[in-house]
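Have a look at the structure below before the remarks.
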Amino acid sequence: MSTLERDCGLLWHPYGPLDAAAHFSVTGADGPFVEVCDASGTAYRLLDGMSSWWSVVHGYRHPVMDAALTAQLGSFSHVMFGGLTHGPAVDLAELLVTVTPAGLDHVFLADSGSVSGEVALKLAIQYQRARGRDRRRFLALEGAYHGSPRSARCSSRVAGSTPTRQRRGVSAFCRA
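Read in order, the letters of the sequence shown are residues 888 to 1063 in my numbering.
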């Protein structure tokens, strides 16, 4: 049984109905390209213009990235950051602080752009509350994608979303 056949009925793919099947099975990737196979077994080499949902902006199998990931896996693959730290995180934070404007001296590490967008919205709300202001409106680009978590998704006005009343803590473009 092929990967596509095995996928059908088992996996629920993001942004689709439960019964939507995958159209291609990824068999490899290198640089900006992915190698895929369709249900008939036909292979294609495609330019991944979305960079696997923006997570491989440097391309697949980048030698510097692969070497860093391999070295890190030799120590530990993941650390829950709540209350813990580790050298690579501190090293990255120190580097980021040196290349940002003065006053930006704290770093929040996130595992995706969606999470970073969500955290930025929540930090902005918390900042206003700490100053005694009830400011919760955000400027968003129409037709832009701002992430998949609730607040970020609600600040995106993309196909399928319609303006609604202002909702507490989220943008006016969140569905009721």
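Quick reminder that beta carbons are idealized off the backbone N, C-alpha and C, glycines included.
As the structure is a prediction and not an experimental result, all values here were calculated from the model.
Going by beta carbons, R1024 and I1012 fall outside the 8 Å limit.
Per DSSP, E922 is one residue of the beta strand (DSSP E) stretching across 920-924. Sixteen is the threshold: since fewer than 16 other Cβ atoms of the shown chains lie within 10 Å of the Cβ of G903, the residue is exposed. For G946, the three-state secondary structure derived from DSSP is coil. For G915, the pairing in a beta bridge is given by DSSP as E922. Three or more Cβ pairs drawn from the stretch 938-953 and the stretch 903-922 lie within less than 8 Å of each other, which places the two stretches in contact. The C-beta of E1005 has 16 or more other C-beta atoms within 10 Å across all chains shown, which makes the residue buried. Non-local C-beta neighbours of D935 in its own chain, meaning closer than 7 Å and more than five positions away in sequence, comprise P919, F920, V921, ordered along the chain. Annotated three-state conformation of R932 is strand, per DSSP. In the DSSP assignment, L979 falls within the unbroken alpha helix (DSSP H) covering 974-985. Burial is judged here by how many other beta carbons sit within 10 angstroms of a residue's own beta carbon; L1008 has at least 16 and is buried. Of the residues assessed, V951 falls on the exposed side of the cut-off, its CB having fewer than 16 other CB atoms within 10 angstroms.
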